[in-house]
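In full-length UniProt numbering, the protein residues as written are 292 to 567.
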Amino acid sequence: AKSQGGNQYCFNTPDQNMEMQRNYQLEMKLRKALENEEFTVVYQPLVNLNNGQMAGIEALLRWHNPELGSVPPSEFIPILETFGLIIPVGRWVLYEVCRQMKAWQQQGIMMERASVNVSPLQLKGGNFACELKEILTETQLDPSYLELEITEGTILQIKDSSDTLDSLQEIGVKVSIDDFGTGYSSLSYLKQLPIDTLKIDKSFIDDLDADGEFLVNTIIHMGKNLKFKVLAEGIENENQLSYLKQQKCNEGQGYLFSKPVQKEEIPNLYHQTNRP
Ligand code: C2E
Ligand code: CA
Ligand code: CA
Ligand code: CA
């Protein structure tokens, strides 16, 4: 029971107890998941809306535990973050994706970039730039083929975000702002930071089905004026796609093109759109 001030004691409800038990169970299993090889990475195409070609992929982490089955990232990523486990797991993801991207390149699959989500804890660690360089050297991936996705919220959370992003730019990797439009940040930071891509959050794309064109339009034009590549997340239907094309949004991602797939399926998807 937790004290909530005054003389009143507040007991957890049965629902809260259940959630705490579940999270504890997840934590215990997540502590062993990396060494038990329970994580995999799936890949979702990023599509050039101008020519329909696959410009790259976003890497998305998956966890399958023998007892719990598949647990969604929305449930396990926050737990990895709470216990600092996102640092070794995030390092593993980066290594895995760089290795895979290099392997694809050796098979003649020349996508512009592989995009990897990075959590604020990884960037706060201090060793990040150094570890990243090691991974790039070891996998021999040219840094310009790697993009790091950093949410608007993360940029606000890390104190020296502009130094951090400068050091990433020095290494030669690209940076995208993920979930753009949801962070309530001042727009002034945008023109000061070395950013390559703005990813418009899916919630705005959903709103295209309900008279939400104005905001999407505003974000696309602002992003393009700032010389960023603009990508729309979560495109699910043709109406959304045709509006985004009409507004000259550069890239798109979403179930309309493809759900995230296993690495083995990427060469086929690539050859379907990127004919020589
Ligand atoms: P995100 O970075 O915004 O990734 C996009 C999410 O939207 C993914 O969910 C993707 O499967 C989903 N998505 C893509 N297109 C569509 C669509 O058309 N419709 C719908 N309904 N959903 C779509 P996922 O894979 O469940 O990942 C959820 C979140 O977990 C990610 O959101 C990201 O914040 C986090 N995440 C995933 N992998 C990693 C990782 O390796 N590291 C870190 N730090 N976070 C990760
Ligand atoms: Ca992302
Ligand atoms: Ca996103
Ligand atoms: Ca998101």
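For glycine and all other residues, C-beta sits at the position ideal for the given N, C-alpha and C.
- The alpha-carbon of Q413 is positioned some 10 Å away from that of A420.
- Of A346, V332, D306, T331, the smallest CA-CA separation from F548 is found for A346.
- In the structure shown, the three-state DSSP call for D502 is coil.
- Boundaries of the beta strand (DSSP E) harbouring Y334: 330-339, taken from the DSSP string.
- With a contact defined as Cβ atoms closer than 8 Å, A405 and Y436 qualify at about 6 Å.
- Between T473 and E438 a beta carbon distance of about 19 Å is seen, past the 8 Å cut, so the two are scored as non-contacting.
- Within the same chain, D500, L547 come within 8 Å of N528 by CB-CB distance, once the 5 residues on both sides are set aside.
- Taking 8 Å as the upper bound for CB-CB distance, I446 and K415 are not in contact here, some 12 Å apart.
- DSSP, read as helix, strand or coil, puts V409 in coil.
- For S479, the three-state secondary structure derived from DSSP is helix.
- Collapsing the DSSP output to three states places I449 in coil.
- For D469, the shortest separation between its Cβ and any heavy atom of ligand 1 lies below 7 Å.
- The beta carbon of E349 sits closer than 7 Å to at least one heavy atom of ligand 2.
- A direct Cα-Cα distance of roughly 6 Å separates V521 from G514.
- Selection M311, E443, D451 evaluated against K490 yields E443 as nearest (Cα-Cα).
- Taking all protein chains in view, the Cβ of S410 is crowded by 16 or more other Cβ atoms within 10 Å, so the residue is classified as buried.
- Of the residues G375, S479, S467, the one whose Cα lies closest to the Cα of E542 is S467.
- Around the CB of L432, 16 or more other CB atoms lie within 10 Å, so the residue is classed as buried.
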